[in-house]
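2 protein chains.
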Amino acid sequence: MKEGPDIALIGSLIGDPARANMLTALMGGRALTATELATHAGITLQTASSHLAKLEAGGLLTQRKQGRHRYYALSEDEVGLMLESIMGFAASRGLTRHRPGPKDPALRKARVCYNHLAGDYGVRMLDSLVAARQIEMTGDDLVLTDAGQARVEALGIDYAALKKLRRPICRTCLDWSERRSHLAGSLGEAFLTLFIDKGWARREQNSRAIRFTDTGEKAFSELFPQY
Amino acid sequence: MKEGPDIALIGSLIGDPARANMLTALMGGRALTATELATHAGITLQTASSHLAKLEAGGLLTQRKQGRHRYYALSEDEVGLMLESIMGFAASRGLTRHRPGPKDPALRKARVCYNHLAGDYGVRMLDSLVAARQIEMTGDDLVLTDAGQARVEALGIDYAALKKLRRPICRTCLDWSERRSHLAGSLGEAFLTLFIDKGWARREQNSRAIRFTDTGEKAFSELFPQY
DNA sequence: CGAATGCTTCGATTATGGTCGAAGTATGAA
DNA sequence: TTCATACTTCGACCATAATCGAAGCATTCG
């Protein structure tokens, strides 16, 4: 007669208002930091940390460590579907909810992320490289293909030198504004350096923004077309 | 920034182990009494009553008063779908659950329910009448059609006499074993009386069981074919 | 190397709510 | 009417867990 406690566990995870707000925020499909999620839930960072640990232990969330940030996202499509069905039923009996507002618009286009390009341009660059089969992306792992290596060398990047470094050449980095992956690692740094060296882009003062010149814009669009 | 609390409410309802066990038991699609649900949950009747009131207030359950019993069932298809998605996710990370065992086999086939036929035969009878468009069933309301009225009179039931009574002619009654509706009301009583008068069936001693004779079985199958 | 930021862990407080005993209500049976 | 069954309500107890302050760890920046 002993009934399994599993659906109760999932329910109780969703049942706390703070966690429910976090999950709702993550339903947008973008990864969020612990601090952001704490704000969404209206609780302190300590409490949020506890909740996030529970959600992760319950399999609802996955965590990506990114520098001193921790980005949380829904772990599987199934989690989203489950939440959607609950939200659908809940919506059918009352309360509506509103979407969180947009973010700072200035840095969304292009900015430096430690040492590589991030923002819309960063995401577009990686997307384009993957679409052109110059980088293979399986999950979070990036591998430069032979075609990619040739392309990189043709651009004047010293690939052999990159290989000698202990740092990974290709890494994914979760984008602050786009919340999708862009290219990090030594190759990502090399690309940004290239853009700046060529005079296509330059860093803003007292900001992480990257400003592309007109010729830079044009060259970037030719190098990394959008499909 | 105030996020709606609705999915948290639903989650917390599902999140309690006792309530989760009740909901799981109801996922079989059959209505269950408060006492049965208390047993499934492993709690006392008082506690179960409190839980059931909450689940009903949350819109997950509906209640049907039937004599001194209260039958509870999932309120909508959407509830079942929601629970199914949660169970699917929960199952994908661990515990399995087992189905509750079968019930007393003796009375399942046919028995008297106060004054009318219940059990498998009772359910089959109503199903057949509805399928033949002699009774229209909208929700819990039953209406005898013109064709149904003619059929009833052809069988020798005094429909005019039934109409004079204050009792409702057609009523649904939730079946103890089948947990689906069968025909109650004065017409239900008239049918059972007819079966007994014709010698097709008789009541068992000290039991609520109804035993059909061979000719009764045959006549019943002809009168109420299964589609 | 500090200093600052992002997050976790620990510990204590507090409150929500699950639980059951006892008593009360409603329905059916005798 | 009286008794039995099915269920609800009330009240009190108790355990779980949500919360936050303070301290600790990890990472980046200057």
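So the sequence lines, in the order shown, correspond to chains A and B.
Numbering-wise (this note's numbering), the first sequence opens with residue 1036 and increments by one.
Numbering-wise (this note's numbering), the second sequence opens with residue 1036 and increments by one.
Backbone N, C-alpha and C define an ideal beta-carbon position, used for all residues, glycine too.
DSSP three-state assignment for residue i, whether helix, strand or coil
i          : result
B/Arg-1105 : strand
B/Glu-1111 : coil
B/Met-1062 : coil
B/Thr-1068 : strand
B/Leu-1177 : strand
A/Arg-1159 : helix
A/Gln-1184 : helix
A/Arg-1215 : coil
B/Leu-1096 : strand
B/Leu-1048 : helix
A/Leu-1222 : helix
B/Thr-1035 : In the structure as shown, chain B starts at 1036 and stops at 1262, and residue 1035 of chain B therefore has no counterpart that could be examined.
B/Thr-1079 : coil
B/Leu-1152 : strand
B/Ile-1170 : strand
B/Arg-1143 : coil
A/Arg-1237 : strand
B/Arg-1054 : helix
Under 8 Å from the C-beta of residue i: neighbouring residues of chain B
i          : result
A/Leu-1116 : Ser-1120
Residue-chain proximity (residue i, chain A), Cβ-Cβ < 8 Å
i          : result
B/Thr-1059 : yes
B/Ala-1166 : no
B/Gly-1220 : no
B/Asp-1041 : yes
B/Phe-1124 : yes
Residue i: contacting residues in chain B (beta-carbon distance under 7 Å)
i          : result
A/Arg-1128 : Gly-1094
Any C-beta of chain B under 8 Å from that of residue i
i          : result
A/Thr-1082 : no
A/Ser-1085 : no
A/Asp-1051 : yes
A/Ile-1045 : yes
A/Ala-1055 : yes
A/Glu-1113 : yes
A/Lys-1138 : Low confidence applies to A/Lys-1138: its pLDDT is 33, below 50, so where it sits in the model is not reliable enough to give any reading.
Supposed contact pair residue j and residue i - C-beta distance, whole angstroms, cut 8 Å
i          : j          : result
B/Gly-1050 : A/Ala-1043 : 6 Å
B/Val-1147 : B/Arg-1246 : No, B/Val-1147 and B/Arg-1246 are not in contact; Cβ-Cβ is about 11 Å, not under 8 Å.
B/Leu-1061 : B/Ala-1108 : 6 Å
B/Gly-1223 : B/Trp-1235 : Not really, about 16 Å apart at Cβ, beyond 8 Å.
B/Ser-1216 : B/Cys-1208 : 7 Å
B/Gly-1046 : A/Gly-1046 : 5 Å
A/Ala-1264 : A/Tyr-1156 : An answer regarding residue 1264 of chain A cannot be provided, because it is not within the stretch 1036 to 1262 covered by chain A.
B/Ser-1127 : A/Met-1117 : Not really, about 10 Å apart at Cβ, beyond 8 Å.
A/Leu-1048 : A/Gly-1077 : Wrong, their Cβ atoms sit about 18 Å apart, outside the cutoff.
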